[in-house]
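Please read the structure below before turning to the comments.
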Amino acid sequence: MAYHNGGSFSATALCQLQIGTCEPTLTIAQIKGLHKAGLQTREIEANIGVSEQSMRNWVKRFMDDSGVKLPSAKSRLSPSKKTSVRNSTALKRQLKSTSTITAKELKENNSHLLFEVSIRTVNRRWPSWTTIATGKARLQGRPRTTTTTTTITITITITITITTTITTTATTTRL
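Here the sequence shown stands for residues 176 to 350, where the numbers follow my numbering.
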């Protein structure tokens, strides 16, 4: 259990945390707290389980500037999704009840949920809404794959007729 003590974590409390379960931000705070508590770099490395070079770099940053900001989570660079979790749940329910619906019909029936989504987006998102892609519930615009099993039976009948004619001539001579 770690507790906050004047801007840094207690060294004894940080040593009790399990290795591998900490967030990266907490690990950096651990390095900072243990270094301020007076532990050497090798001792900190043994307690936290990070590489020596990484730990030395963080200690150097703390020595250079006492107001080092801990790294924060990166902001999302891609645009927000057009469909929400609520929309996906509603569409999953409809796809389970009506398995013969096409992507175009799905968009038309749920125009209040998919008003700013193209049919192509519905096609792309369909696999995440359902795992059933059999029968008529296939996606429009995607190539349909079919599996065909063909059995070929070949019967070969060979009839061999051998006709032999044996003619024997016997001559007898009397003496």
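Cβ atoms here follow ideal geometry from the backbone N, Cα and C, with glycine treated the same way.
Selection from the options that minimises the alpha carbon distance to residue i
i, options, result
"S229", "T296, I203, K282 and S250", "I203"
"N262", "E291, F237, T275 and G224", "E291"
6 Å CB neighbourhood of residue i in its chain, flanking five on each side removed
i, result
"N232", "none"
"I294", "A278, K279 and K282"
"G316", "No answer about G316 holds up, because its pLDDT of 48 lies below 50 and its placement is not dependable."
"T346", "none"
Where residue i sits in the DSSP three-state scheme
i, result
"G224", "coil"
"E218", "helix"
"N285", "coil"
"F237", "helix"
"G316", "Any reading at G316 must be qualified, since the residue scores a pLDDT of 48, below 50, and its modelled position is unreliable; the value itself is stated next. In this structure, G316 counts as coil in the three-state DSSP scheme."
"G208", "helix"
"P302", "helix"
"I349", "Checking the sequence shown, residue 349 turns out to be Arg, not Ile. In this structure, R349 counts as coil in the three-state DSSP scheme."
"T202", "helix"
"E291", "coil"
"L270", "helix"
"K279", "helix"
"S263", "helix"
"R251", "coil"
"T131", "Look at the range of the chain in this structure, 176 to 350, and you will see that residue 131 is not part of it."
"I337", "coil"
Environment of residue i [buried if 16+ CB atoms lie within 10 Å]
i, result
"A278", "buried"
"L252", "exposed"
"V225", "buried"
"N335", "A small correction: the amino acid at residue 335 is Ile; Asn does not occupy that position in the sequence shown. Result: exposed."
"E220", "buried"
"G213", "exposed"
Same chain, Cβ closer than 7 Å to residue i, neighbours up to 5 away in sequence not counted
i, result
"V234", "I206, H210 and T216"
"T324", "none"
"V297", "A278, L281, K282 and L289"
Close beta carbons around residue i, own chain, < 8 Å, minus the five adjacent residues each side
i, result
"L288", "T258, N262, A265 and L266"
"Q269", "I276, L281, N284 and N285"
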